[in-house]
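Here the structure comes first, spelled out in structure tokens, and everything after it is commentary.
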């Protein structure tokens with residue numbers, strides 16, 4: 857169970873970083889992003905029950921968002937870095 861929780865947090869962090877960097881410096885609207893993410897996942901065949909289990913109590917991690925904007929190697933967006 858601990859591994860599942862850790863993976864869920866990692867997934868959340870990556871998704872949040874991607875969503876925020878895609879929007880630039882604008883303040884992220886996490887709930888709007890999450891709604892859109894759920895719709896896309898449902899359209900790709902992921903069940904509502906799976907989404908409810910995986911995304912329950914999901915919240916952005918401010919430290920991850922900050923580190924994404926200030927990467928140690930150099931300053932670049934996630935997508936350029938990738």
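In the numbering used here, the protein residues as written are 857 to 938.
Glycine included, C-beta positions come from ideal geometry on N, C-alpha and C.
Determine whether the beta carbon atoms of residue i and residue j lie at a separation below 8 Å.
i, j, result
"residue 911", "residue 898", "no"
"residue 916", "residue 893", "no"
In terms of residues, what are the limits of the alpha helix (DSSP H) holding residue i?
i, result
"residue 908", "904–911"
"residue 894", "886–899"
"residue 924", "918–925"
Excluding the five sequence neighbours on either side, which residues of its own chain have a C-beta within less than 8 Å of the C-beta of residue i, listed in chain order?
i, result
"residue 922", "none"
Using a threshold of 7 Å, is the CB atom of residue i nearer than that to any non-hydrogen atom of the ligand COA?
i, result
"residue 914", "Looking at this structure, you won't find the ligand COA or any other ligand, since it has none at all."
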